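Peer 1: First residue of the sequence shown? That's 5 in the working numbering, and the numbers climb one at a time after it. Positions of the beta carbon are idealized from the N, C-alpha and C atoms, including for glycine. Computed from a predicted structure; not experimentally measured.
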Amino acid sequence: MRIRVGVPVVALAIFSSVALAQSLKDKEYFADQEKYLAGELAFTNERCANSLVAKFDWSKPPTPEQRTTYSAYGYCSAVLEALRRTCDSATGKDAVKQQVKSLTCGFGSQRAITLKDGAIDYKVSFDSKNDADFVFEYLQNNL
5 MRIRVGVPVV
15 ALAIFSSVAL
25 AQSLKDKEYF
35 ADQEKYLAGE
45 LAFTNERCAN
55 SLVAKFDWSK
65 PPTPEQRTTY
75 SAYGYCSAVL
85 EALRRTCDSA
95 TGKDAVKQQV
105 KSLTCGFGSQ
115 RAITLKDGAI
125 DYKVSFDSKN
135 DADFVFEYLQ
145 NNL
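#1: Going straight from the alpha carbon of Val-104 to that of Pro-65, what length do you get?
#2: Buried or exposed, going by whether 16 or more other CB atoms sit within 10 Å of the CB of Lys-39?
#3: Below 8 Å on the Cβ atoms is my contact criterion, and I expect Leu-107 with Ala-58 to pass it. Report the Cβ-Cβ distance as a whole number of Å.
#4: Which residues in the same chain as Tyr-77 place their Cβ atom closer than 6 Å to its Cβ, once the five residues preceding and following it in sequence are excluded?
#5: What's the call for Lys-31, buried or exposed, on a 16-neighbour Cβ count within 10 Å?
#6: I'd like to know whether the C-beta atoms of Leu-56 and Val-139 end up nearer to each other than 9 Å.
#7: How far does the alpha helix (DSSP H) with Arg-57 in it reach, from first residue to last?
#8: Could you spell out where the alpha helix (DSSP H) holding Lys-29 opens and where it closes?
#9: In three-state DSSP terms, what is Leu-147?
#10: State the beta-bridge partners of Lys-120 as determined by DSSP.
#11: What is the residue span of the alpha helix (DSSP H) that Thr-95 lies within?
#12: So the candidates are Arg-51, Gly-110, Ile-117 and Lys-29; which of them puts its Cα closest to the Cα of Arg-89?
#13: So is Ala-123 buried or exposed if we call it buried at 16+ other beta carbons inside 10 Å?
#14: What three-state label does DSSP hand Ser-106 in the structure shown?
Pasting the structure below:
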């Protein structure tokens, strides 16, 4: 009798090596940033009367050096601040409730934002300034 385990074993080995590549320090950093984002998200959902979900895309995380200087959560929270500002008007609040369902913050060399099918995809650049104003203007022009 011959047992075939090639593909599942390879997939498991790849997943395990990625999971093992994160140090305890990395895991704690990611968890802390997610916790801070969740707290701010609750405030935004209350203000906008929405049930938006938010997460980080850690596929290209900040370097350890960037983590000691910059807050991933702080840069991502600029989107939540812009959403709250948008919700200050009844028209804006309605637009957010109708058109924004999720937020994903990733990392890139240049700041970028898109809104497609109810999902905001925001690329954090630690070199950018006035991120909340940038996102607010984008929302004003794209909602």
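Peer 2: Put simply:
#1: 24 Å
#2: exposed
#3: 4 Å
#4: Gln-37, Tyr-40 and Leu-41
#5: exposed
#6: no
#7: Note that residue 57 corresponds to Val in the displayed sequence, not to Arg. Here Val-57 belongs to no alpha helix (DSSP H); instead the beta strand (DSSP E) covers 57 to 60.
#8: 28 to 52
#9: coil
#10: Ala-123
#11: 94 to 103
#12: Arg-51
#13: exposed
#14: strand
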